[in-house]
Amino acid sequence: MRLMINLALGVLFGLGLVLSGMVNPAKVLNFLDVAGTWDPSLAFVMIGAIAVTAAGYAIVIRRGQPLLEPVFQIPNKSDIDAKLVVGSGLFGVGWGLGGLCPGPALTSILLGATGTLVFVPAMLAGVVAGTLVVRALQKSQEA
Amino acid sequence: MMTEFTPLSSLAGGALIGLSSVLLMLFSGRIAGIAGIIRRAIMPDPNGRALEALAFIAGLVGAPLVYSGVTGAGVPQTVGENFPLLVVAGLLVGFGSILGSGCTSGHGVCGLSRMSARSIVATGTFMATAALTVYLVRHVLEG
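Structure below.
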């Protein structure tokens, strides 16, 4: 049941990425290229996604409890630390170089472009490295 | 290369992304951040529900097949072919999104929908470095 729901929600998310054009790096890079061949489409993706999510979260979180789990796992940190800013900054550089972020990269795999098949393993290696660094930082803070 | 401005399909695709994010919160109580979902799948932790994360990823990967099966249309996509650059891009996207606790979906959609201060800073940061990267590549290095 849990797995089927996650599978279905992954499909729904991926359909959104395909329909919106997020899955096309050329569109993403043109969105970021304000000084050149600017394509503002992706601003509409953000507007559509945030409008639905903000309204839906307000209703869902008021329930007090998710359907399949005892508690909501919502990040409650509020400190703006170096990890947040440096990590986001590096992420943005990578996004600007390739036009792919994690969701569209995965949704692109079966489309089979060589560039995607080069990008995805590197991204997964980056996730492994990032996780190891974050865990090491947490350990050193606890020590 | 110009890309077509697609406000309606981008808005609709964004709404589907939002719907998936809301339903994931309703059922599992989790943020639909794809970088975090990848981390839970490949670097499991006790509370991470790795199999559910894998199922969501399977859905993302399979989504283009569903899209083409339903609409009969292909998925337009132009991916870069500078492969060493895409390796660097992938490493930065993976590492940076984990260090920064989120990517376009986790911070840009779910976090902004919650008005999270950390996500506002993260999204502003990665949008800025991504746009700056595209500017440097397209208008300084190649220009």
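Going down the list, the sequences are from chains A and B. The numbers in our numbering rise by one with no breaks, and the one at position 43 of the first sequence is 43. The numbers in our numbering rise by one with no breaks, and the one at position 22 of the second sequence is 165. Built from N, CA and C at the ideal position, the CB exists for glycine as well. Note that the coordinates shown come from a computational prediction; the quantities given were computed from them, not determined experimentally.
Which of helix, strand or coil does DSSP assign to residue i?
i        : result
Gln65/A  : coil
Gln220/B : coil
Arg173/B : strand
Kindly give me the distance between the Cβ atoms of residue i and residue j, rounded to whole angstroms, as I take these residues to be in contact under 8 angstroms.
i        : j        : result
Ser164/B : Ser20/A  : Between Ser20/A and Ser164/B the Cβ distance is about 13 angstroms, and since that is not below 8 angstroms, they are no contact.
Thr107/A : Leu167/B : Between Leu167/B and Thr107/A the Cβ distance is about 16 angstroms, and since that is not below 8 angstroms, they are no contact.
Val120/A : Leu242/B : Val120/A to Leu242/B, Cβ: 19 angstroms. No contact.
Taking the alpha-carbon positions, what's the residue i to residue j distance?
i        : j        : result
Val277/B : Leu97/A  : 7 angstroms
Val28/A  : Gly87/A  : 20 angstroms
Arg135/A : Thr221/B : 36 angstroms
Ser248/B : Arg63/A  : 23 angstroms
Gly176/B : Gly267/B : 17 angstroms
Asn24/A  : Gln73/A  : 31 angstroms
Val11/A  : Gly103/A : 11 angstroms
His250/B : Ala265/B : 7 angstroms
Ala49/A  : Pro75/A  : 19 angstroms
Arg257/B : Thr53/A  : 9 angstroms
Ile185/B : Ser240/B : 15 angstroms
Ser41/A  : Phe13/A  : 18 angstroms
Ala82/A  : Thr272/B : 15 angstroms
Leu7/A   : Glu142/A : 36 angstroms
Kindly list, in the order they appear in chain B, the residues whose Cβ is closer than 8 angstroms to that of residue i.
i        : result
Ser140/A : Here the premise fails: no neighbours, minimum Cβ distance about 15 angstroms.
Ala136/A : Those do not exist, as Ala136/A stays about 11 angstroms from chain B at its closest Cβ, beyond 8 angstroms.
Can you pull the chain B neighbours of residue i, defined as C-beta to C-beta under 9 angstroms?
i        : result
Ala143/A : Within chain B, no residue comes near Ala143/A; the closest Cβ sits about 19 angstroms away, beyond 9 angstroms.
Arg2/A   : Phe170, Ser171, Arg192, Leu194, Glu195, Ala198
Gly64/A  : Near Gly64/A there are no residues of chain B at all, since even the closest Cβ is about 10 angstroms away, more than 9 angstroms.
Which residue wins for smallest C-alpha separation from residue i, given the options the options?
i        : options                              : result
Ile80/A  : Val230/B, Leu228/B, Ser259/B         : Ser259/B
Ile5/A   : Leu194/B, Ala184/B, Met145/B         : Leu194/B
Asn225/B : Gly14/A, Ala35/A, Gly99/A, Phe31/A   : Gly99/A
Gly161/B : Leu68/A, Val127/A, Val118/A, Ile47/A : Ile47/A
So which residues of chain A does residue i contact, with C-beta pairs closer than 7 angstroms?
i        : result
Gly212/B : Ordered by position in chain A, no residue passes the 7 angstroms Cβ test against Gly212/B, which lies about 11 angstroms from the chain.
Could you work out which residues of chain A lie near residue i, taking near to mean beta carbons separated by less than 8 angstroms?
i        : result
Glu288/B : Because residue 288/B is not part of the residues shown, which for chain B are 144 to 286, the question remains open.
Val283/B : Residues of chain A passing the Cβ test: none, with the nearest at roughly 11 angstroms.
Can you find a heavy atom of the ligand GTP that lies under 7 angstroms from the Cβ of residue i?
i        : result
Val231/B : The ligand GTP is absent from the structure shown, which contains no ligand whatsoever.
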